[in-house]
Amino acid sequence: VPRLHAAALNTTAAAVRVNALVALGKVAPGLGPPEWDATLNMLQQLSRVDTSAATLMCVLGVADAVGRAGGAALLAVRVLPLVCPLTLAPGLNQQQMGTIMRII
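Structure representation (structure tokens):
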């Protein structure tokens, strides 16, 4: 998991970032609270740095997977404050905005 975090944060290649985030989304249900916390912190940093639509949708997917695995308390306290600002991203199309709204 730390290598996936580093790959997502330290690359400038969109494909590498997206693939690292997809992998994180797949392993998120098997992680525990410390890894969920670290992943959500990384997603918050990443969403400040890269506001491209592909990255933001991957951030949304990973946050959703972590929230589902972590339960209602984690979802309310950590995931929603991370995901709600994504609704203001200027590069999202109508379909992507609809996906964000369905997850919220």
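Numbering-wise, this note's numbering puts 82 at position 77 of the sequence shown, and it's gapless, one number per residue. Using N, Cα and C, we set each Cβ at its ideal position, and we do this for glycine too.
Between residue 88 and residue 65, the gap from beta carbon to beta carbon is short of 8 Å. Taking a C-beta distance under 8 Å as the contact criterion, residue 25 and residue 13 qualify as a contact pair. With distances taken between CA atoms, residue 40 lies nearest to 67 out of 67, 94 and 18. Relative to residue 34, the option among 104, 62, 85 and 73 whose CA is nearest is 73. Rounded to the nearest angstrom, the gap between the Cα atoms of residue 105 and residue 11 is 25 Å.
Sorting 58, 48 and 19 by C-alpha distance to the C-alpha of residue 6 places 48 at the top. Short of 6 Å from the beta carbon of residue 96, and not among the five residues preceding or following it, lie these beta carbons of its own chain, in chain order: 58. DSSP places residue 23 in the helix class (H, G or I) of the three-state scheme. Residue 60 is a Cβ neighbour of residue 22, given a cutoff of 8 Å.
In the structure shown, residue 57 falls within a coil segment according to DSSP collapsed to helix, strand and coil.
Under a 10 Å Cβ-count criterion, residue 75 is classified as buried, with 16 or more other Cβ atoms of the shown protein chains found around its own Cβ.
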